[in-house]
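Heads up, the thing below is written out as structure tokens.
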Amino acid sequence: MVSVAVNFLAVVVAAIVSMVLGFLWYGPLFGKQWMKLMGFTKESVEKAKKAMGKTYGVSMVGALVMAYVLSYFLNYALADTAVEGAIVGFWAWFGFVAPVMLTSVLYGSKSLSLYYIDVGYQLVSLIAMGAIVAAWV
């Protein structure tokens, strides 16, 4: 087994960038469409705001885990440039994230429009995280 050295600063920065991308993606870029597709009402949005700290905290932990595991993929792929990292991020998305999210949509009777918004964010996020972590080797 290959010994993997993880750059924890790169992992943290990549996770923060993922969160910022999520804020933009689900805010000014696609927020209104996403909220409509999710069936949110003014009341449900107000209720969700009360738990937003916990939601962001758990999301940050998820982003940290994803960036950390992605650093292993990058190490095994010998990716040490931003472009190579972005490519590995794409393949991680294509092979793991997109199919799992599609299955969830198909069995959960959710719209493909919602899938495109959600899976699009994951694509951009993984490409950015891959580029950041690989460039910081």
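According to the numbering used here, the sequence shown holds residues 212 to 348 in order.
Ideal placement from N, C-alpha and C gives every residue a C-beta, glycine not left out.
Option nearest residue i by Cα separation, candidates the options
i    : options                : result
I227 : W245, G250, Y267, S322 : Y267
G273 : A225, K247, N218       : A225
A303 : V316, Y283, S315, S324 : Y283
I343 : S322, S320, Y318, L281 : L281
G250 : F219, S322, L334, L220 : S322
W245 : S324, N218, F305, M277 : S324
V217 : L275, S320, L313       : L275
L248 : M277, S320, M340       : S320
E295 : M340, A259, K265, K258 : M340
Residue burial classification, residue i (beta-carbon count within 10 angstroms, cutoff 16)
i    : result
L289 : exposed
M263 : exposed
S315 : exposed
G238 : exposed
V299 : buried
A297 : buried
CB-CB length for residue i against residue j, believed under 8 Å
i    : j    : result
S336 : G233 : 7 Å
M271 : M230 : 6 Å
T338 : F305 : The residue you asked about is not Thr; residue 338 is Ile in the sequence shown. Rounded, the Cβ-Cβ distance is 11 Å, inconsistent with contact.
Cβ-based neighbour list, residue i, same chain, cut-off 6 Å, excluding 5 preceding and 5 following
i    : result
Y279 : V222
N286 : V215
V348 : D291
Contacts around residue i, its chain only, beta-carbon distance under 7 Å, and the 5 residues preceding and following it disregarded
i    : result
A293 : A342, A345, A346
Own chain, CB closer than 8 Å to residue i, minus 5 neighbours either side, in chain order
i    : result
L220 : W347
Contact test: residue i Cβ vs the ligand MN heavy atom, cutoff 7 Å
i    : result
V348 : Summarising the ligand content, the structure contains no ligands, and the ligand MN is consequently not present.
- Quick one: any contact between the stretch 299 to 313 and the stretch 325 to 335, if contact means 3 or more CB pairs under 8 Å? yes
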